[in-house]
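All residue numbers for the sequence shown refer to this note's numbering, where the first residue is 270 and numbers rise by one. Even glycine gets a Cβ: it sits at the ideal position worked out from N, Cα and C. Everything on this sheet refers to the single structure shown next.
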Amino acid sequence: MSNIVAIVGRPNVGKSTLYNRLTESRKAIVDDFSGVTRDRHYGQAEWTDRQFTVIDTGGYVAHSDDVFEAAIREQVVIAIEEASVILFVVDVTTGITDLDDDIAGLLRKSKKPVFVVVNKVDNNNQHTEASVFYALGLGEIYNISSMTGSGTGDLLDEVIKHFDDEPLEDNTRPKYAIIGRPNVGKSSIINSLIGRDRNIVTPIAGTTRDSIHIHYNQYGHDFMLVDTAGMRKKTKVKENIEFYSVMRTIKALEEADVVILMIDAVEGMESQDINIFHLAEKNKKGIVIVVNKWDLIEKNNKTVKVFEDMIRQKIAPFTDVPIVFTSVLEKQRVLKVIDVANQVYQNRARKISTSKLNEVMLPIIENYPPPSTKGKYVKIKYATQIAGTSPMFAFFCNLPQYVKEPYYRFIENKLRENFDLSGAPVQVWFRQK
Ligand code: GDP
Ligand code: GDP
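Spelled out as structure tokens, the structure:
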């Protein structure tokens, strides 16, 4: 089910502009200066109801780096192994460069779908110039202008045809992924869970994706761990360690039902952690936050509260997420992580009957109806849960277009207060009756 689109190509062809367009990130982070750190390289995109993750490889190599050509080649190799679809971006204003030729050589050997995306085709004359890129020997070319967005629709129409919709083979057990930055303690917690008794570890082969699934069946728990900690690959170029680990993290996240996001108590929740949190949220995964190395923190009776507040402030507005404080080193609350993950799994799968839902929500709505807009009153008649992998609720009313964002929040909060949905993403819709 993992659908990752990797954008590769040499610097300045417009990879990050395309990335921003596909993910429609409001904060466009295009910069003409070299070596500028862009803080978001991967995100969620959607085309005709198909969700996928886009990763901009350009963010992982500083332009000034003297090994950058080697780094880019290596990125292409990693992308070929890990992504579902590769967008190879080239620049119509420069034609084919030596590095383009090199990259094309690598891509020609790949079995993954590769799209040659000729960027900066801003006007009609340039369509003729773009045809030189057929010489790359990668088949069809797609002319686009990332700046204006022209051509991107035709490209995406083709890209989504290559997505994999097949569910994983083992769909009966909950799947948890332990995710986090290097050194937070992911391997340690997995080792602590599976112990030295390797008998309970069954790497499930044959899941077409190459991630390792560990079957855990002990102490009344029966689930699959999607292992990211064990997945380490040697790369020749330092910068690509992060690229590779992000790629693997995204894959594990997409395969999991519940994401266990582990952070380091000493370092706190950093921007990378927050990015992963949002990706999990956008993918409608259940989430548990684990603050590990709790043994290293000097504590008093307020410390837990201070940490929780700090984390919730950073993940707002989706703050109804369980937080567990662990010390894997001192074996504190390791099993609690699994109990909580299991609880979140159940919350995410929770089904609330229409009668119960209306019994609880209609009086709340009656006491606090949506505020009137231009003299119009929204009347909500009834609500129902919609079938899906995560909780989704439709509220039927006369004028859904007049319901504003704060009221969506209000309803979501009331749902969370009244039904146990902690750690589960909740979607609320207002619909014409
Ligand atoms: P990257 O290094 O491959 O990520 O390239 P960037 O996205 O940073 O873009 C490099 C430069 O090309 C920037 O100045 C962009 O504004 C410009 N650029 C990107 N897309 C287009 C486009 O479609 N048309 C034109 N004319 N310029 C573009
Ligand atoms: P990973 O990269 O996320 O898999 O992290 P590791 O499991 O390899 O742990 C990185 C380092 O942190 C190792 O030296 C561990 O011994 C140490 N570590 C893991 N958990 C804890 C903990 O709860 N407390 C302390 N003090 N150290 C820990």
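If you look at Gly555, you'll find it isn't in any alpha helix (DSSP H); it sits in the beta strand (DSSP E) that goes 555 to 561. Ile532 and Val593 have their C-alpha atoms some 10 Å from each other. In the structure shown, Thr326 falls within a helical segment according to DSSP collapsed to helix, strand and coil. Contact between the stretch 634 to 647 and the stretch 662 to 682 is present, with at least three C-beta pairs closer than 8 Å. Put simply, of Lys381, Val358, Glu350, Gly406 the residue whose alpha carbon is nearest the alpha carbon of Lys389 is Val358. DSSP, read as helix, strand or coil, puts Ala314 in strand. Going by DSSP, Arg581 is part of the alpha helix (DSSP H) stretching over 572 to 584. Exclusion of the five residues before and after Val282 leaves Val358, Val359, Asp360, Asn388 as the residues of its chain whose Cβ lies within less than 7 Å of its Cβ. In this structure, the alpha-carbon of Glu351 lies about 11 Å from that of Thr518. The Cβ-Cβ distance between Asp318 and Lys284 does not fall below 7 Å. Judged by their CB atoms, Ala549 and Ala446 are not nearer to each other than the 7 Å cut-off.
The secondary-structure analysis by DSSP pairs Ser596 across a beta bridge with Gln601. If you draw a 10 Å sphere on the C-beta of Gln344, you find 16 or more other C-beta atoms in it, and that means buried.
DSSP lists Val387 as the bridge partner or partners of Val359. In the three-state DSSP reduction, Met661 falls in the strand class (E or B). By the C-beta density criterion, Asp426 is exposed, having fewer than 16 other C-beta atoms within 10 angstroms. The three-state secondary structure of Lys380, taken from DSSP, is coil. In terms of Cβ geometry, Val528 and Lys444 do not form a close pair [threshold 7 Å].
The residue from Leu356, Val323, Phe321, Leu368 with its alpha-carbon nearest to that of Ala339 is Leu368. DSSP places Leu407 in the coil class of the three-state scheme, outside both helix and strand. Rounded to the nearest angstrom, the gap between the Cα atoms of Leu598 and Ile483 is 21 Å.
Residue pairing for Met531: DSSP places it in a beta bridge opposite Val559. Any heavy atom of ligand 2 counts here; residues with a Cβ closer than 6 Å to one of them, in chain order, are Gly449, Pro451, Asn452, Val453, Gly454, Lys455, Ser456, Ser457, Ala498, Asn561, Lys562, Asp564, Leu565, Ser596, Val597, Leu598. The C-beta separation of Leu530 from Ile556 comes to about 6 Å, placing the pair in contact by the 8 Å criterion.
Taking the CA atoms as reference points, Asn611 sits about 26 Å from Met516. In the DSSP assignment, Val401 falls outside any alpha helix (DSSP H), carrying neither H nor E. Around the beta-carbon of Glu681, 16 or more other beta-carbon atoms lie within 10 Å, marking it buried. Take Arg290, set aside five residues on each side of it, and the residues of its chain with a beta-carbon closer than 7 Å to its own are Ser415, Gly418, Thr421, in chain order. Here the distance from the Cβ of Asn552 to the nearest heavy atom of ligand 1 is not below 6 Å. The stretch 537 to 554 and the stretch 581 to 592 touch, with three or more beta-carbon pairs separated by less than 8 Å. The residue from Asp433, Tyr671, Ile410 with its alpha-carbon nearest to that of Asp423 is Ile410. Going by beta carbons, Asp589 and Ser691 fall inside the 7 Å limit.
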